[in-house]
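Numbering of the sequence shown is given in the numbering used here, commencing with residue 398 and proceeding in unit increments.
So the structure is just underneath, and the comments pick up after that.
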Amino acid sequence: MFRILFECTGLWVVYHGMTSMDAKAEKRAAAKAAKAAASAAAKLAKKAAAMAAARVAADAAIAQIDLASYDVIVVAFSGGKDSLACLLHLLDLGVSRDRIELWHHDVDGREGSSLMDWRCTRDYCRAIAEAFGVKLYYSWKCGGFEGEMLRDGTATDRTAFETPEGIRYSGGDSPKRSTRRQFPQMAADLKVRWCSAYLKVDVCATAIRNQARFAGRRTLVVTGERAEESPNRAKYLPFEPYREDNRDGRRARRLVDQWRPVHAWTEQQVWAVIERHSVNPHPAYRLGWSRVSCAACIFGSVDQWASLRAVSPAQFDRVASYEGEFGKTIKRHLTVVQQADQGRAYAMSQADAVAATSERFDEPVVLPAGSWRLPAGAYGDSCGPS
Ligand code: SF4
């Protein structure tokens, strides 16, 4: 592109001309834009098809679930919006509160680490359980995320889980020794993204397998994965036997099903049920996070790393220093410091920052009529576990 300036009746006029080189470049840019638009449209169509399939599967699933037939309904409760929507949906369906148990898998464990999670999450879960009159049991991998990550020629630690009779432990005696000393990989495969498997999925399974109270009974495990979140999650079945189901076993027979009631829900539906019940969402949503689990989630966007650095600098620094110590970054080729440098921190109020990073959650759970507001993080960056 070149420009010719000439004076015309006292005004400077700019004439835009074009060379054949410019025309070729523009053509290439137009072709690239058309390709990007086609790819975005294909992705949208694929997502719409996945959602439609999820809705059909969900309708079929609900037709075969007899909620009244389960003795215990365990809700895997992270404190995030999707698990909260699961709880509220069960209440909407008339499930009696005395059969519902919230199970929160404590990612940092109870041995003193606070590397990954929001400080308020544990107490937020307590507040929700108390407000709705349902039981709450915590469970965790001893040593938490940090302990598992620092394994160096050692076996994975034992799992602790609260029961009606107190804390029980299982495992920790495996002869298998190995070394991690690196963060989980940002992948859908739980073999390499070991945090989800070791700190959540396996912890839940261990707690079910090792409690005699589930033997000879019907248990429903409710989880909040949604098809919209990722192509991987879109493939999940809305209803299936849970992995610790042993209905046909010769010993310790137990029937355990798994239901994903919000699998076909949109984010809009999730926020709608929370608003209808006027429930105060986890404070991290007010800060700007759209998905809430670990504060320092390995899938964090550049804006989230920048925001974490602003809101919880000591936690951010510890993650950054582990990257240096291991000589391996969470995201290939970019340290969390470089990611944070590329991002922009959310506009966060001091009060919300304090709420998210405090051990206590002192706010009302059910907000007064007319005061519920959609948090800043709703419909934002949807990065998180896939
Ligand atoms: S929230 Fe992120 S870091 Fe935490 S366990 Fe899940 S995938 Fe891992």
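Just so it is clear, CB atoms sit at the ideal spot from N, CA and C, and this is done for glycine as well.
Fair warning: this is a prediction, and the values are worked out from it, not measured in the lab.
Give me the Cβ distance between residue i and residue j, rounded to the nearest whole Å; I'm assuming they're in contact under 8 Å.
{"i": "VAL492", "j": "ARG614", "result": "Not quite, the Cβ-Cβ distance comes to about 16 Å (not below 8 Å), so this is no contact."}
{"i": "HIS486", "j": "VAL670", "result": "6 Å"}
{"i": "ALA552", "j": "LYS573", "result": "6 Å"}
{"i": "SER575", "j": "GLU559", "result": "Wrong, their Cβ atoms sit about 28 Å apart, outside the cutoff."}
{"i": "GLY506", "j": "GLY541", "result": "3 Å"}
{"i": "PRO628", "j": "ALA447", "result": "7 Å"}
{"i": "GLY777", "j": "GLY685", "result": "6 Å"}
{"i": "PRO635", "j": "TRP656", "result": "7 Å"}
{"i": "ARG644", "j": "LEU652", "result": "4 Å"}
{"i": "ASP479", "j": "ARG623", "result": "6 Å"}
{"i": "LEU512", "j": "GLU543", "result": "4 Å"}
{"i": "SER755", "j": "ARG516", "result": "6 Å"}
{"i": "CYS483", "j": "VAL619", "result": "5 Å"}
{"i": "VAL716", "j": "ALA693", "result": "5 Å"}
{"i": "THR616", "j": "VAL763", "result": "With a Cβ gap of about 28 Å, THR616 and VAL763 do not count as contacting."}
Which partner residues does residue i have in the DSSP bridge list?
{"i": "ASN643", "result": "ARG651"}
{"i": "ILE497", "result": "ILE470"}
{"i": "VAL676", "result": "VAL763"}
{"i": "GLU637", "result": "GLN655"}
{"i": "HIS502", "result": "SER536"}
{"i": "LYS725", "result": "In the DSSP output, where bridge partners are listed per residue, LYS725 has none listed."}
{"i": "THR616", "result": "VAL469 and VAL653"}
{"i": "CYS691", "result": "ASP514"}
{"i": "LEU731", "result": "LYS728"}
Quick check: the Cα distance between residue i and residue j, rounded to an integer number of angstroms?
{"i": "TYR682", "j": "GLN701", "result": "12 Å"}
{"i": "LEU731", "j": "ALA585", "result": "19 Å"}
{"i": "GLY797", "j": "LYS443", "result": "Outside the shown range of the chain, which is 398 to 783, sits residue 797, and nothing can be said about it."}
{"i": "GLY724", "j": "ASP549", "result": "15 Å"}
{"i": "GLN579", "j": "ASP599", "result": "20 Å"}
{"i": "ALA524", "j": "PHE758", "result": "7 Å"}
{"i": "VAL659", "j": "GLU423", "result": "45 Å"}
{"i": "ILE695", "j": "SER510", "result": "17 Å"}
{"i": "GLY721", "j": "LYS728", "result": "13 Å"}
{"i": "ARG555", "j": "LEU596", "result": "11 Å"}
{"i": "ALA604", "j": "GLY621", "result": "19 Å"}
{"i": "VAL667", "j": "ARG425", "result": "42 Å"}
{"i": "PRO772", "j": "VAL676", "result": "12 Å"}
{"i": "LEU547", "j": "ARG577", "result": "6 Å"}
{"i": "PRO678", "j": "THR518", "result": "11 Å"}
{"i": "ALA775", "j": "ALA649", "result": "44 Å"}
{"i": "ALA742", "j": "GLU664", "result": "23 Å"}
{"i": "PHE713", "j": "LEU481", "result": "27 Å"}
{"i": "ALA748", "j": "VAL589", "result": "37 Å"}
{"i": "SER768", "j": "ALA438", "result": "38 Å"}
{"i": "VAL531", "j": "GLN739", "result": "43 Å"}
{"i": "LYS632", "j": "GLU626", "result": "11 Å"}
{"i": "MET745", "j": "MET583", "result": "27 Å"}
{"i": "ALA609", "j": "ILE497", "result": "18 Å"}
{"i": "ALA431", "j": "ALA445", "result": "21 Å"}
{"i": "SER690", "j": "ASP514", "result": "7 Å"}
{"i": "PHE474", "j": "LEU499", "result": "6 Å"}
{"i": "GLU562", "j": "TYR534", "result": "11 Å"}
{"i": "SER347", "j": "CYS592", "result": "The displayed coordinates of the chain run from 398 to 783. Any statement about residue 347 would go beyond what the structure contains."}
{"i": "ASP419", "j": "ALA428", "result": "14 Å"}
{"i": "ASN607", "j": "GLY646", "result": "15 Å"}
{"i": "CYS374", "j": "ALA557", "result": "The question about residue 374 has no answer, for the chain in this structure spans 398 to 783."}
I'd like to know if residue i contacts chain C, where contact means its C-beta is closer than 9 Å to some C-beta of that chain.
{"i": "ASP599", "result": "Looking at the structure shown, chain C is missing, and only one protein chain is on hand."}
Residue ranges of each alpha helix (DSSP H) run of no fewer than 4 residues wholly in the stretch 521-590, ordered along the chain?
-> 541-546
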